[in-house]
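One structure below.
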Amino acid sequence: MKVFRLDELDAERAANEGAYLQFLRERNMSAGLYALDAGSADPQEPHRQDEIYFVITGRGSITVGTETTTVARGSVVYVPAGVPHKFHHISEDLRVMVVFSPPES
Numbered sequence: 003m004k005v006f007r008l009d010e011l012d013a014e015r016a017a018n019e020g021a022y023l024q025f026l027r028e029r030n031m032s033a034g035l036y037a038l039d040a041g042s043a044d045p046q047e048p049h050r051q052d053e054i055y056f057v058i059t060g061r062g063s064i065t066v067g068t069e070t071t072t073v074a075r076g077s078v079v080y081v082p083a084g085v086p087h088k089f090h091h092i093s094e095d096l097r098v099m100v101v102f103s104p105p106e107s
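For reference, each letter of the sequence shown is one residue, going 3 to 107 in the numbering used here.
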């Protein structure tokens, strides 16, 4: 069993001065913590893997392909591999758990 604490992951991510911290990598999946502060821009490009975003804290919007929706704590968003997507209009600091399958390369 592997157990992770959000506060410890966020502290490690911040100490490494990055928006993303991969904290789990297994044969068929990987997981990470993605952080975007209020008002910031999301620089990510489409990935080669399917993704699931689970919003832990914060508020904003996400556009996946041509569809846009608001997200907040508890939102879960699926993004198919290769589809352009971005968080935007971030009004409260976002902390998002990201699950990639297969693992992010």
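Beta carbons are placed, not taken as given, at the ideal position from N, Cα and C, and that holds for glycine.
Residue state for D9 is assigned as helix, using DSSP reduced to three classes.
The bridge partners DSSP lists for I92 come to none. Remark: three or more beta-carbon pairs, one from each stretch, lie closer than 8 Å, so the stretch 27 to 42 and the stretch 87 to 98 are flagged as touching. If the five residues before and after H87 are omitted, its C-beta is found closer than 6 Å to the C-beta atoms of V66, V81, all from its own chain and listed in chain order. At a Cβ-Cβ threshold of 8 Å, M31 and P105 count as neighbours.
Per DSSP, F25 has no beta-bridge partner at all.
Listed in chain order, the non-local C-beta contacts of G76 below 7 Å within the same chain comprise V57, local neighbours out to five positions each way being set aside.
Counting the other CB atoms within 10 Å of its CB gives E53 a total of 16 or more, which places it among the buried residues.
When C-alpha distances from H49 are compared across A83, E28, L26, the shortest belongs to A83.
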